[in-house]
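Here the structure is laid out as structure tokens; the discussion comes afterwards.
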Amino acid sequence: MGKTSLKDISTKAPKDLDKETTKEVTGKILEELDGLQNLLFAESKHSVLVVIQGMDGSGKDGVIRNVLGNMNPQGVTVKSYKAPTAEELSHDFLWRIHQHAPAKGMIQVFNRSHYEDILVTRVHNWCDEDTAKKRMNAINDFEKLIQDHNNTHILKFYLHVSPEEQHERLTERMQDPAKMWKYNAKDFEEAKLWDVYMKMYEDCFEHCDKPEWTVVPADQNWYKEYIIAKALRDLLKDLDMKFPGLKP
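For the sequence shown, the positions run 1160 to 1407 when our numbering is used.
This is how it looks when you write it as structure tokens:
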């Protein structure tokens, strides 16, 4: 997708887009997705990997709950990637990723992903540039492998939230009893490294672009959910799937 400048991309929905109308459209898309996911599961010829990246407070959990959570749980799995364990660190960085690649018929969601190993690691200088370039090549090879050899279709979303909206959401975690469990004081420290994170994300978009990333304006949840639901619906429709007939 070439060089991306995140500061030049809005974090909000287009001004002429009506919120309530868009939410109604999203509701209809979610109904379509329910049937399409059932068809994906029944046909079992394709698989889908949904990668969701974003800064703390960008709304990754909300997207998973409100878009992916409407489908049959038999056909959708979610893996959240946090700091690697001692066992995971004793293997190559993709070891913990590859074992969760989706099987045919399945939608696999990554809440954070293999991209953390070229994002947060570089922000904190835990990974030098030579190693980062090797990891980017390995990521590209991994994604090509599962696309070519398991009919896996990959959607990669970056939830593009503004620093102001992020601060408001992180602060809310300190005040709302239903969100206090998400509070982590380190999130505010990471937010201070905003400009470095943006640079690393832009580098990631440029060098790991097959398939390309979708930068999703994430300040308004209703618009973010519409963009992701529509992208997944369009992908599944384009697969031209059919229910298998009776087994001989």
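The beta carbon of each residue, even a glycine, is placed where N, CA and C say it ideally should be. All of these numbers come straight from a predicted model, not from anything done at the bench.
Pairwise C-beta distances place the segment 1210–1223 in contact with the segment 1313–1328, as three or more of them are shorter than 8 Å. Linking H1250 to K1293 through their CA atoms gives a straight-line distance of about 16 Å.
Residue pairing of I1211 in beta bridges, as defined by DSSP: N1270 and F1316.
By the neighbour-count definition (other C-beta atoms within 10 Å, threshold 16), Q1196 is a buried residue. Bounds of the alpha helix (DSSP H) holding T1181 are K1178 to E1202. Beta-carbon to beta-carbon, A1201 and P1407 are separated by about 17 Å, too far to satisfy the 8 Å threshold.
Using a 10 angstroms sphere on the CB of P1232, the tally of other CB atoms stays under 16, which defines it as exposed. Put simply, the backbone Cα of L1398 is about 14 Å away from that of E1191. Separation of T1170 and K1383 (C-alpha to C-alpha, rounded to the nearest whole angstrom) is 10 Å. For W1285, the secondary structure class from DSSP, reduced to helix, strand or coil, is coil.
Judged by beta-carbon spacing, V1282 lies within the 8 Å limit of Y1356, meaning their Cβ atoms are closer than that value.
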